[in-house]
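Under our numbering, think of the first position of the sequence shown as 618, with each following residue one higher.
All C-beta atoms in this analysis are idealised placements derived from N, C-alpha and C, irrespective of residue type, glycine included.
Everything numeric in this text was worked out from a predicted model, so none of it was measured.
So the structure is just underneath, and the comments pick up after that.
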Amino acid sequence: MKKQDFGMIGLGVMGQNFVLNVERNGFGVAVYNRTYSTTEEYIKGPASEKNIKPTRTPEEFIASLERPRRIMLLVKAGEAVDETIQQILSYLEKGDLIIDGGNSYFSDTERRVKELEGRGINFIGMGVSGGEEGALWGPSLMPGGSEKAYRDIEPIMIAVSAKAKEDGAPCVTYIGGGGSGHYVKMVHNGIEYGDMQLIAEAYDLLKGALGLSARDFSDIFSEWNKGELSSFLIEVTAKVFKKIDNDTGKPLVDVILDKAGQKGTGKWTSQNAHDLGAAIPTITAAVDGRILSSLKDERVRASKILTGPKAKYTSSSAQKLIDAVRDALYVSKICSYAQGMNMLKKASEEYHYNLNLGAISKIWRAGCIIRARLLNDITNAYQRNSDLPNLLLDKQFQEAMNSRQEAWRFAIQTAIGLGIPLPAMSASLAYYDSYRSEKLPANLIQAQRDFFGAHTFERVDKPGIFHAEWE
């Protein structure tokens, strides 16, 4: 009996859709799920009359696959991944491959790579971005681990990945060794956090200052999506504002409680950035924003006793503020991407991943959540200079920042005057102002450190390490 080309363990929505994608591109798939009733429903439903083989046990699953076996896991990150690996490990042979397509923490992937390769089993940690639709029609894929093993599955991954509309290039590339694939996905999600927070802040400022309706916002974001802000997140935001709640007849967004959830990847990005010494204030502000949003009951109490400004937006031109917020959103977004790419650069050096930042930005142009017109400009920047220290130093981005900073500052000053919080947008501006400053007040911090802890300092007028007797 002919064996299947590819195996999938985990038939949640992502797993089911990814399997359909693989099969549609000409590869036979075997599937296994811990609960067989889920498998049965899948085979009778979406997978009916397709080259998808159901299996009841791990042993039957492994036996149904062509050697070397190519097995993908789409199960919950953490212990479930280790438990699933243990379930199938005794049935595997040297040269077989396991691919973890979940949102695993990169250091867990590092451990699994070492443990499994010590037993002759290849392991790839692969970031998968694009949600349910991406899994079905083409996600952005970020595989890291054994390069030799990746080359074996490369034809499948190229076939199922998203294709950039600009040049048809597949949105997948070999990222690097160890946990690099999951690391890049983690930073992708951190940038995503920043992007979503910035969009929400633009909405909050315009709503607070101008009292715009959901229909107004749908029109504004639809218009913005035609220009330099064009992206998946701007597009879906315009659609969000159109949705009407069946129960109340109001825009659905207006009846959603203002508490944002998170699954941890943004937090991981912020935590690891501190370990690396990478400054990502926009992304960290976005994580903080979600945490603060979760304090709903406290915020309700605080709103009754803590005062803010009584000012109202008095300009005669609503369009002036709308245009300024558009520009502020764009340059703040550039800062967020610059921070993420700089973090990848530092991680590449620290963990010896040898990351190609241009190739990474290129595979983010389609399929993934942060896909945006801006990524073409980022890809071009790294093609001009693969060792670019920071995106803000690229000539195209210099011009973008310089030409929009007046509008950027006007938008943030307006928000401050109205008492509307813009933590991520303000963090982006502070990042920009700090990065462009020839001199920062760190000399005073270093003097303080030397005063109370004898931590020493350097001087501007001669080389060496110094300590002062301050009293």
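Problem - Nonlocal neighbours in the same chain, by C-beta distance under 7 Å from D821, ignoring five residues either side - result: Stepping through the sequence shown from its first residue, residue 821 is reached at position 204. Within the same chain, D821 has close Cβ partners I1037.
Handout entry: Option nearest G712 by Cα separation, candidates E683, S920, N720
Key = As a first step, residue 712 must be located in the sequence shown, where it is residue number 95. Comparing Cα-Cα distances from G712 to each of E683, S920, N720, the minimum goes to E683.
Exercise for the section: Please list, in chain order, all residues of the same chain as D1078 whose beta carbon is under 8 Å from its beta carbon, the five residues on each side excluded. Expected result: Stepping through the sequence shown from its first residue, residue 1078 is reached at position 461. So the list is empty, once near-sequence residues are dropped.
Practice task
Given a cut-off of 8 Å, decide if V692 and G627 are closer than it, judged by their beta-carbon atoms.
Solution key: Along the sequence shown, read from residue 1 onward, the residue named residue 627 stands at position 10. Along the sequence shown, read from residue 1 onward, the residue named residue 692 stands at position 75. It is a contact, given that the beta carbons lie within the stated cut-off.
Practice task
Determine the contact status of L690 and G719, defining contact as a CB-CB distance below 8 Å.
Solution key: Within the sequence shown, residue 690 is the residue found at index 73, counting from 1. Within the sequence shown, residue 719 is the residue found at index 102, counting from 1. In this structure, G719 lies closer than 8 Å to L690 by Cβ.
Practice task
Please name the residue, chosen from Q888, L753, M743, I808, that lies closest to E771 on a Cα-to-Cα basis.
Solution key: In the sequence shown, residue 771 corresponds to position 154, counting from 1. Considering only alpha carbons, the answer is M743.
Handout entry: Top-ranked residue by Cα proximity to V853, from S1020, I837, F1014, G735
Key = Residue numbering aside, residue 853 sits at position 236 when the sequence shown is read from its first letter. Checking every option, the nearest Cα to that of V853 belongs to I837.
Practice task
Enumerate in chain order the residues of its own chain whose CB-to-CB distance from I1029 is below 8 Å, with the five nearest sequence positions on each side excluded.
Solution key: Position 412 of the sequence shown, counted from the first residue, corresponds to residue 1029. So the list reads A945, L1039, M1042, S1043, L1046, once near-sequence residues are dropped.
Problem - Own chain residues within Cβ distance below 6 Å of F740, not counting five before or after - result: Here residue 740 corresponds to residue number 123 of the sequence shown, with the count starting at 1. For F740, where only same-chain residues beyond five positions count, the Cβ hits under 6 Å are I715, R729, V730, L733, G762.
Exercise for the section: Indicate whether R988 and E783 have their beta-carbon atoms separated by less than 8 Å. Expected result: Working through the sequence shown from its first residue, we reach residue 988 at position 371. Working through the sequence shown from its first residue, we reach residue 783 at position 166. No, the Cβ-Cβ distance between R988 and E783 is not below 8 Å.
Practice task
State the Cα-Cα distance for the pair E809 and A1085, rounded to the nearest angstrom.
Solution key: For this step, residue 809 is matched to residue 192 along the sequence shown. For this step, residue 1085 is matched to residue 468 along the sequence shown. Between E809 and A1085, the C-alpha separation is close to 46 Å.
Handout entry: Own chain partners of E727 with C-beta closer than 7 Å, once the 5 adjacent residues on each side are dropped
Key = Here residue 727 corresponds to residue number 110 of the sequence shown, with the count starting at 1. Answer for E727: G795, G796, listed in chain order.
Exercise for the section: Pull up the DSSP beta-bridge partners for I873, would you. Expected result: The residue you call residue 873 lines up with position 256 of the sequence shown. For I873, which the question treats as bridged, DSSP gives no partner whatsoever.
Handout entry: For D1021, the three-state DSSP class (helix, strand or coil)
Key = If you number the sequence shown from 1, residue 1021 lands on position 404. The question names Asp, but residue 1021 in the sequence shown is Arg. Helix, per DSSP.
Practice task
Note down, one range per segment and in chain order, each alpha helix (DSSP H) of at least 4 residues found wholly within the stretch 838-906.
Solution key: 849-857, 882-893
Practice task
Could you check how far apart the C-beta atoms of L829 and C788 are, in whole angstroms? I think they sit under 8 Å.
Solution key: On the sequence shown, position 212 is the one that residue 829 refers to. On the sequence shown, position 171 is the one that residue 788 refers to. 35 Å between Cβ atoms; not a contact.
Practice task
Count the CB pairs spanning the stretch 951-966 and the stretch 988-1003 that are closer than 8 Å, and state whether there are at least three.
Solution key: yes
Exercise for the section: Quick one: measure Cβ to Cβ for G984 and G751, integer angstroms, because I've assumed they're closer than 8 Å. Expected result: Residue 984 sits at position 367 when you count from the first residue of the sequence shown. Residue 751 sits at position 134 when you count from the first residue of the sequence shown. The pair is a contact, with the Cβ atoms about 5 Å apart (cut-off 8 Å).
Practice task
Output yes or no for whether 8 Å exceeds the beta carbon distance between M813 and L850.
Solution key: As a working mapping, residue 813 is identified with position 196 in the sequence shown. As a working mapping, residue 850 is identified with position 233 in the sequence shown. Yes. Within cutoff.
Problem - CA-to-CA distance, G807 to Y722, given in whole angstroms - result: Your numbering for residue 722 matches position 105 in the sequence shown. Your numbering for residue 807 matches position 190 in the sequence shown. C-alpha separation (whole angstroms): 13 Å.
Practice task
Determine the direct distance from the alpha carbon of P868 to that of A831, and round the result to whole angstroms.
Solution key: Numbered from its first residue, the sequence shown carries residue 831 at position 214. Numbered from its first residue, the sequence shown carries residue 868 at position 251. C-alpha separation (whole angstroms): 7 Å.
Problem - For Y800 and E967, the rounded distance between their alpha carbons - result: As a working mapping, residue 967 is identified with position 350 in the sequence shown. As a working mapping, residue 800 is identified with position 183 in the sequence shown. About 12 Å.
Practice task
Quick one: grab the DSSP three-state call for R687.
Solution key: One-based indexing of the sequence shown puts residue 687 at position 70. In the structure shown, R687 sits in a strand (DSSP, three-state: E or B).
Handout entry: Minimum Cβ-Cβ distance from G761 to chain D less than 8 Å
Key = As a matter of chain content, chain D is missing from the structure shown, which is built from one protein chain.
Exercise for the section: Just the C-alpha distance for I816 and Q703, rounded to the nearest angstrom, thanks. Expected result: Start at 1 with the first residue of the sequence shown, and residue 816 comes out as number 199. Start at 1 with the first residue of the sequence shown, and residue 703 comes out as number 86. Each residue's alpha carbon lies about 43 Å from the other.
Exercise for the section: Identify whether S978 lies in helix, strand or coil by the three-state DSSP scheme. Expected result: Start at 1 with the first residue of the sequence shown, and residue 978 comes out as number 361. If DSSP states are grouped into helix, strand and coil, S978 belongs with the helices.
Handout entry: When D940, Y791, V857 are compared against K979, the one with the closest alpha-carbon
Key = Counted from its first residue, the sequence shown places residue 979 at position 362. Considering only alpha carbons, the answer is Y791.
Problem - Uninterrupted alpha helix (DSSP H) stretches inside the stretch 641-682 (no shorter than 4 residues) - result: 653-661, 675-680
Problem - Terminal residues of the beta strand (DSSP E) in which G761 lies - result: The residue you call residue 761 lines up with position 144 of the sequence shown. Here the beta strand (DSSP E) through G761 covers 757-762.
Practice task
Mind checking who K780 pairs with in its DSSP beta bridge?
Solution key: Taking the sequence shown and counting its residues from 1, one reaches residue 780 at position 163. BP columns for K780 point to P787.
Handout entry: Own chain partners of W1087 with C-beta closer than 6 Å, once the 5 adjacent residues on each side are dropped
Key = The residue given as residue 1087 occupies position 470 in the sequence shown. Excluding positions up to five away in sequence, the list reads F1068.
Problem - C-beta atoms of E818 and Y947 nearer than 8 Å - result: Looking up residue 818 in the sequence shown gives position 201. Looking up residue 947 in the sequence shown gives position 330. Contact flag unset, no.
Practice task
Report yes or no: do the stretch 634-654 and the stretch 665-678 share at least 3 C-beta pairs separated by less than 8 Å?
Solution key: yes
Handout entry: Same chain, Cβ closer than 8 Å to I775, neighbours up to 5 away in sequence not counted
Key = Position 158 of the sequence shown, counted from the start, is the residue given in the question as residue 775. Same-chain partners within the cutoff: P787, V789.
Exercise for the section: Indicate whether the contact test is met: 3 or more Cβ pairs, each with one atom in the stretch 1000-1017 and one in the stretch 885-904, closer than 8 Å. Expected result: no
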